[in-house]
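*Asks:* What follows is a single structure, and I will ask about it in a moment.
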Amino acid sequence: MGHLTSHRSQKVLVICAKAATALQLEQVLREREGIRAAVFHEGMSIIERDRAAAWFSEEDSGAQVLLCSEIGSEGRNFQFASNLVMFDLPFNPDLLEQRIGRLDRIGQAHDIQIHVPYLEKTAQSVLVRWYHEGLDAFEHTCPTGRAIYDTVYHDLIAYLATPENTDGFDALIKTCREQHEALKAQLEQGRDRLLEIHSNGGEKAQALAESIEEQDDDTSLIAFAMNLFDIVGINQDDRGENLIVLTPSDHMLVPDFPGLPEDGCHHYVRA
Numbered sequence: 001m002g003h004l005t006s007h008r009s010q011k012v013l014v015i016c017a018k019a020a021t022a023l024q025l026e027q028v029l030r031e032r033e034g035i036r037a038a039v040f041h042e043g044m045s046i047i048e049r050d051r052a053a054a055w056f057s058e059e060d061s062g063a064q065v066l067l068c069s070e071i072g073s074e075g076r077n078f079q080f081a082s083n084l085v086m087f088d089l090p091f092n093p094d095l096l097e098q099r100i101g102r103l104d105r106i107g108q109a110h111d112i113q114i115h116v117p118y119l120e121k122t123a124q125s126v127l128v129r130w131y132h133e134g135l136d137a138f139e140h141t142c143p144t145g146r147a148i149y150d151t152v153y154h155d156l157i158a159y160l161a162t163p164e165n166t167d168g169f170d171a172l173i174k175t176c177r178e179q180h181e182a183l184k185a186q187l188e189q190g191r192d193r194l195l196e197i198h199s200n201g202g203e204k205a206q207a208l209a210e211s212i213e214e215q216d217d218d219t220s221l222i223a224f225a226m227n228l229f230d231i232v233g234i235n236q237d238d239r240g241e242n243l244i245v246l247t248p249s250d251h252m253l254v255p256d257f258p259g260l261p262e263d264g265c266h267h268y269v270r271a
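Residues 1 to 271, numbered by the UniProt record's numbering, are exactly what the sequence shown covers, in order.
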């Protein structure tokens, strides 16, 4: 709250799981602190959401804070803001990435400042430690989050259910961090391999292009076609470089030639 009142020129996006939470927070900010805040949730119409987003985007007279529900904010991006408050944390690491991605996208001119309020010995405090110490998910992109979550799901849920019991939680954090580093290294190696393939592909592509150019310069196919036309009895009228008009003659060996009308070829044949 103090940050909002002391930095009134900064835009702040607040994301919470439920629309009811967003509405309650808006009332508190408006009545207690006089902070201009807009709400953005799935219970609003598209027009109402557009108006809220437009008010939030206004620099001078717009809302300082936009309070979004999880579902209501889907598909919306606010890269003109650089402060993100996650009033509650999602269990799914992919959702965490999506929340951060609301601001961290093309057009963002500043580092994202992430704020996560929580009380000690609560489920929120457990998630904060797991995301921050186990996955490094607040400071860096975390593509390993979902895979690790699937392996420690049952243990994590147990700690969330009894947040006052921290026995063994440090070991779980350590295990997750080790898995994160190992998976991250594998992903980096995969990226290096893709770069290697791309580099090799460049050389191979150049060789292929040179081979195609060499075949284009080969006149053997043209010579074969000209000989065939002579044998069949097709007239060839040279109209310039690589341009030939074909017309049937009176002494053709066959009554008609596939693709060649009686009054001649209506299109230039590019040899």
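No residue lacks a Cβ here, since even glycine has one placed at the ideal position from N, Cα and C.
To the nearest angstrom, report how far apart Gly190 and His140 are at their CA atoms.
*Replies:* 19 angstroms
*Asks:* Taking Leu95 as the reference, which of Glu26, Leu172, Leu23, Ala17 has the closest Cα?
*Replies:* Ala17
*Asks:* Residue range of the beta strand (DSSP E) that Asn92 falls in?
*Replies:* No beta strand (DSSP E) contains Asn92, which DSSP labels as neither H nor E.
*Asks:* Between which two residues does the alpha helix (DSSP H) containing Met252 stretch?
*Replies:* No alpha helix (DSSP H) contains Met252, which DSSP labels as neither H nor E.
*Asks:* Which residue spans inside the UniProt domain "Helicase C-terminal" (1-150) form an unbroken alpha helix (DSSP H) run of at least 4?
*Replies:* 2-6, 19-28, 46-57, 93-101, 123-129
*Asks:* Is Pro163 near Val126, with beta carbons less than 7 angstroms apart?
*Replies:* Result yes, Cβ atoms of Pro163 and Val126 sit closer than 7 angstroms.
*Asks:* Quick check on this structure: which residue in Glu188, Val28, Glu74 has the alpha carbon closest to the alpha carbon of Phe40?
*Replies:* Nearest in C-alpha terms to Phe40, of all of Glu188, Val28, Glu74, is Glu74.
*Asks:* Rounded C-beta distance between Ala81 and Val12? I'm assuming under 8 angstroms.
*Replies:* 7 angstroms
*Asks:* Kindly give me the distance between the Cβ atoms of Phe78 and Val14, rounded to whole angstroms, as I take these residues to be in contact under 8 angstroms.
*Replies:* Between Val14 and Phe78 the Cβ distance is about 11 angstroms, and since that is not below 8 angstroms, they are no contact.
*Asks:* Would you list the one or two residues that DSSP bridges to Asn235?
*Replies:* Thr247
*Asks:* Using C-beta distances below 7 angstroms, list every residue in its chain close to His110, excluding the 5 sequence neighbours before and after it, in chain order.
*Replies:* The answer, listed in chain order, is Ser82.
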